[in-house]
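Participant: Here it is, the structure, as C-alpha cells.
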Amino acid sequence: MKTVALLAGARPNYMKIFPIWREIHANRRERWIPLIIHTGQHYDPIMNDVFFADLGLPQPDHYLGIGSAPHGAQTGRTMIALEELFMRERPDWLVVVGDVNSTLAGALVAAKMRIPLAHVEAGLRSFDRSMPEEINRLVTDAVSDLLFTHSPEADENLLREGIPPEKIIRVGNVMIDSLVLLIEKAADSPILGKLGLLPGRYILVTLHRPSNVDDPGQLRLLMSALDQTARQMPVVMPLHPRTRRMLDRIEFRPATDDFFLIDALGYLDFLRLESAAALVVTDSGGVQEETTFLGVPCLTVRPNTERPITISRGTNELYEPAREPLEHAIRRALERPRFRPNIEGWDGRTAGRIMDVLDQIA
Ligand code: UD1
Ligand code: UDP
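Going by our numbering, the sequence shown opens with residue 4, and the numbers climb by one from there.
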C-alpha cells in the first residue's frame, strides 16, 4: 500500500482534491491510501465546511489550523506544521493543487524532505509577478517531480522554463471533474427561488483579488458600476470574506434592490447560479474555467489571465477599467452568443488519468 497526501487549504482547492480522493476511494483502494491534509488557510464555515458537505469529502485526516496572516507568516507557519507532520507520518507522494500559499508551502516542504511531489494545474502563467499566485506557481512548478497540466499553453510555459518534458503530463482539468460529478445535484438547489431570480435573467459577480478589492477607489468604482447595471438586470454577488470586510470599511450600500450582496455560497448553490446566469463577471481563476465549460459568457475584471484558453475559445473576455466603464462592457458581453466549447481533457475523467500515472510510477 502507498499513501498519497492530498493538500488543501483554500476554497478552490477542495474542488481539485475531491475527484482524486473519490477516484482512489472508488477504484484504487487496494493500492492507495488517500490522506487529506487541510492547512486551515481558509477556516470560516462558508469558505470551508460547506464544501466538505456539498462534495461529500470526508473530514481531513489532519487539520493544521494555520488561519489568516501576511504571506510570509502564513506560508512559513504552514511549512513548519507540514514538516512536523511529515516527520511523524511520511507520505509516499504529496499532491498539491492550484496556486495558493498552502500549495507553495506544501511544495517547498516536500521538495526539501525529498517526498515525491505532484502539482495538479501546473504551468499556468499570467506573466504578472505582482500577483502572489504567480510566484506560487513558478516556485511550485520548479520543485515538482510531476507536473499535471490542463491545456497546451501550460505545457509550452513549462517547456520554456526548462522543465524536462518527461515530467510534464497533460491530464486535463480536474476541477471540471467536480463540476461534472455535481452539476445534476446542483440543479436541485433552491437558490434561484430563494433570491427570486429567473434563469438567464441575472448577472452573477465574484470579486476577491487584492488588486480589485483592497484598493477602496477601485472597489467603489466597480461596485457603483454594478449597482448601475442592476437597474437593468438583477446582479447577485456572493461575497468572499476579504471583499465583505472591504465593503464594510467603505460603507458601500447598493442603491438598487436588485443588487443582491450575499454571503459566499456553497458549491452546489454557486454552481446552480453560475450555470443559469446570463453573464458572469469575475476575477476568479476557477470561475473563468467553469463558465467556459458551461458555455456561460464571462467577463474577467483583470488585465491578464493565466487561463488564456478561456479567451481563445471565445467564452471569456478580459475587462480593464481604464479602457471603458464596466456597464458598457457588460452590455456588450450580454449580447455574446452562448456556446459550449469542447476542450480536450475537460471531460470529468482527469482524476482517473492522474491516478493512472501515479499507479505506473509508484
Ligand atoms: C486566497 C488565495 C487566492 C485564491 C483565494 C480563493 C493566496 C495568496 N491567495 O486568497 O489565490 O484565489 O484564496 O478564495 O493564497 N478570510 C476570512 N475567512 C476565511 C478566509 C479568509 O475572513 O476563512 C479573510 C481574512 O481577513 C484574510 C483574507 O480573507 O486575511 C484573505 O485570506 P487569504 O487566504 O490570505 O487570501 P484570499 O484572498 O482568500
Ligand atoms: N465558488 C463557490 N462559492 C462562491 C464562489 C465560488 O462555491 O461563493 C467556487 C467556484 O464554483 C469555483 C471555486 O469556488 O469552483 C473558485 O474559487 P475562488 O474563486 O475562491 O478561487 P480562485 O479560483 O480564484 O483561486
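No residue lacks a Cβ here, since even glycine has one placed at the ideal position from N, Cα and C.
Since the structure is predicted, the reported quantities are computational estimates derived from the model, not experimental observations.
1. Leaving out the 5 sequence neighbours to the left and right, which residues in its chain are closer than 6 angstroms to Arg341 when beta-carbon positions are compared?
2. What do you reckon, are the CB atoms on His45 and Ala13 nearer than 7 angstroms?
3. Return the residue from the list Arg305, Asn215, Val216 and Leu229 that minimises the CA-CA distance to Met205.
4. Could you please give the first and the last residue of the uninterrupted beta strand (DSSP E) stretch that includes Ala121?
5. From the DSSP output, read off the bridge partner residues of Trp24.
6. Would you decide whether His243 is buried or exposed? Buried here means 16 or more other CB atoms lie within 10 Å of its CB.
7. Compare the Cα-Cα distances from Glu156 to each of Arg343, Glu309 and Val177 and report the closest residue.
8. Does the distance from the C-beta atom of Leu161 to that of Leu150 stay below 7 angstroms?
9. By a C-beta neighbour count over all protein chains shown, 10 Å radius and 16 as the cutoff for buried, is Pro202 buried or exposed?
10. According to DSSP, is Asn139 part of a helix, a strand, or is it coil?
11. Around the ligand UD1, which residues pass a check of Cβ closer than 7 angstroms to any of its heavy atoms?
12. Helix, strand or coil for Ala11? Go by DSSP, reduced to three states.
13. Take every Cβ of the segment 128 to 148, pair it with every Cβ of the segment 99 to 111, and state whether three or more of those distances are shorter than 8 angstroms.
14. With DSSP as the reference, label Val112 as helix, strand or coil.
15. Based on Cα-Cα distance, which residue from Leu274, Gln231, Tyr270 and Trp35 lies nearest to Leu60?
16. Return the CA-CA distance between Leu198 and Met240, expressed in angstroms with no decimal places.
17. Here's a check: name, in chain order, each residue in its chain whose Cβ is nearer than 6 angstroms to the Cβ of Phe21, leaving out the five neighbours to either side.
18. Any heavy atom of the ligand UDP closer than 6 angstroms to the CB of Tyr270?
19. So is Ile364 buried or exposed if we call it buried at 16+ other beta carbons inside 10 Å?
20. Just mark Ser147 as buried or exposed, buried being the case when its beta carbon has 16 or more other beta carbons within 10 Å.
21. When you measure from the CB of Met240 to every non-hydrogen atom of the ligand UDP, does any distance come out below 6 angstroms?
Facilitator: The structure says:
1. Counting from 1 along the sequence shown, the entry for residue 341 is found at position 338. Here the set comprises Gly298.
2. Indexing the sequence shown from 1 puts residue 45 at position 42. Indexing the sequence shown from 1 puts residue 13 at position 10. Contact: yes.
3. As a first step, residue 205 must be located in the sequence shown, where it is residue number 202. Looking at the sequence itself, residue 205 is Tyr, so the reference to Met does not match. Of the candidates Arg305, Asn215, Val216 and Leu229, the one whose C-alpha sits nearest the C-alpha of Tyr205 is Leu229.
4. Position 118 of the sequence shown, counted from the start, is the residue given in the question as residue 121. From DSSP, the beta strand (DSSP E) with Ala121 extends over Leu120 to Val123.
5. If you number the sequence shown from 1, residue 24 lands on position 21. None; Trp24 has no bridge partner.
6. The residue labelled residue 243 in the question sits at position 240 within the sequence shown. It is buried - the Cβ of His243 has at least 16 other Cβ atoms within 10 Å.
7. As a position in the sequence shown, residue 156 is number 153, starting the count at 1. Comparing Cα positions, the closest option is Glu309.
8. On the sequence shown, residue 161 is found 158 positions in, with the first residue counted as 1. On the sequence shown, residue 150 is found 147 positions in, with the first residue counted as 1. Yes, Cβ-Cβ distance for Leu161 and Leu150 is below 7 angstroms.
9. On the sequence shown, residue 202 is found 199 positions in, with the first residue counted as 1. When all chains shown are included, Pro202 counts as exposed.
10. The count along the sequence shown starts at 1 and reaches residue 139 at position 136. Reduced to three states, the DSSP call for Asn139 is helix.
11. Ala13, Arg14, Pro15, Gln44, His45, Tyr46, Asp47, Met50, Asn51, Ser71, His74, Gln77, Asp102, Val103, Asn104, Ser105, Pro135, Glu136, Asn139, His211, Pro213, His243, Pro244, Arg245, Arg248, Ser287 and Gly288
12. Working through the sequence shown from its first residue, we reach residue 11 at position 8. DSSP places Ala11 in strand when its eight states are reduced to three.
13. yes
14. Residue mapping note: residue 112 aligns to position 109 of the sequence shown, counting from 1. Helix, per DSSP.
15. Here residue 60 refers to the residue found at position 57 of the sequence shown. The option with the nearest alpha carbon to Leu60 is Tyr270.
16. For the purposes of this step, residue 198 is identified with residue 195 of the sequence shown, where counting begins at 1. For the purposes of this step, residue 240 is identified with residue 237 of the sequence shown, where counting begins at 1. When rounded, the distance between both Cα atoms is 11 angstroms.
17. For the purposes of this step, residue 21 is taken as residue 18 along the sequence shown, with counting starting at 1. Taken in chain order, the residues that qualify are Leu58, Leu60 and Ser181.
18. As a first step, residue 270 must be located in the sequence shown, where it is residue number 267. It does: the Cβ of Tyr270 is within 6 angstroms (strictly closer) of some heavy atom of the ligand UDP.
19. The count along the sequence shown starts at 1 and reaches residue 364 at position 361. Classification of Ile364: exposed, given that the 10 Å Cβ count is below 16.
20. Reading the sequence shown from its first residue, position 144 is the one you call residue 147. Answer is buried; the Cβ neighbour count reaches 16.
21. In the sequence shown, counting from the first residue as 1, residue 240 sits at position 237. The answer is no for Met240.
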